Amino acid sequence: MSFQYPTTTGNVSTIEGTAFNLTRVIAQTVQPFLVDPEATYESFNVNGVDVGLWNNGIAYLLLVANFNRFEVHVLWHEVGLGTVTNATTQVQRHFSVFQNFDMNGLNFRPGGIGIYTATPPQ
633 MSFQYPTTTG NVSTIEGTAF NLTRVIAQTV QPFLVDPEAT YESFNVNGVD
683 VGLWNNGIAY LLLVANFNRF EVHVLWHEVG LGTVTNATTQ VQRHFSVFQN
733 FDMNGLNFRP GGIGIYTATP PQ
């Protein structure tokens, strides 16, 4: 896929819009977990889906990428989150492309990526 620059500025589907949104998510959501000396890290590979999981003692950061050329469903417990009792309140999507989630886990289309935070059940 080729891109022609400049594109329509400010549209989330353009290079500028996506870069701006992703930069903001990294600065506000990802970076605090990465620089926290108390945060723990685990990695998982589930059926070709690469997962990084950070825990700062309060919440989890989940970075996910599907390297397959086919759709994959990954259960929450397969990526270290255990049971999700209410996906609407426990899991927050911050950025995703070709990827969504439900009560049971993550649903990926080929090449799907996502950045999520999750809180343990209360």
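Every position in the sequence shown, counted from 1, becomes a number in the numbering used here once 632 is added. Each residue gets a CB set at the ideal place from its N, CA and C atoms; glycine is no exception. Values in this document were obtained by computation on a predicted structure and should not be read as measured data.
Contacting residues, own chain, Cβ-Cβ under 6 Å from residue i (five flanking each side not counted)
| i | result |
| --- | --- |
| Asp668 | Asn688 |
| Thr661 | His726 |
| Tyr673 | Trp686 |
Where residue i sits in the DSSP three-state scheme
| i | result |
| --- | --- |
| Val716 | coil |
| Phe699 | coil |
Cβ shell of residue i (< 8 Å), same chain only, five flanking positions each side left out
| i | result |
| --- | --- |
| Phe733 | Ala719, Val723, Arg725, Asn739, Gly746, Tyr748 |
| Leu713 | Leu685, Tyr692, Leu694, Ala750 |
| Val729 | Gly743, Gly744, Ile745, Gly746 |
| Thr675 | The question names Thr, but residue 675 in the sequence shown is Ser. Cβ neighbours of Ser675 beyond the five flanking positions: Asp682, Val683, Gly684, Leu685. |
| Phe702 | Pro742 |
C-beta atoms of residue i and residue j nearer than 8 Å
| i | j | result |
| --- | --- | --- |
| Asp682 | Ala659 | no |
| Thr680 | Val711 | According to the sequence shown, residue 680 is Gly rather than Thr. No. Outside cutoff. |
| His709 | Thr717 | no |
Euclidean distance between Cα positions of residue i and residue j
| i | j | result |
| --- | --- | --- |
| Ser634 | Ala671 | The predicted position of Ser634 is uncertain, since its pLDDT is 49 and thus under 50; no value can be drawn from it. |
| Leu666 | Gly737 | 24 Å |
| Ile690 | Pro752 | 8 Å |
| Pro664 | Gln731 | 23 Å |
| Val657 | Phe727 | 7 Å |
Residues bridged to residue i (per DSSP)
| i | result |
| --- | --- |
| Trp686 | Tyr673, Leu693 |
| Val729 | Ile745 |
| Ala651 | DSSP lists no partner for Ala651. |
| Val706 | Leu738 |
Close beta carbons around residue i, own chain, < 7 Å, minus the five adjacent residues each side
| i | result |
| --- | --- |
| Leu707 | Asn736, Gly737 |
| Leu654 | Phe727 |
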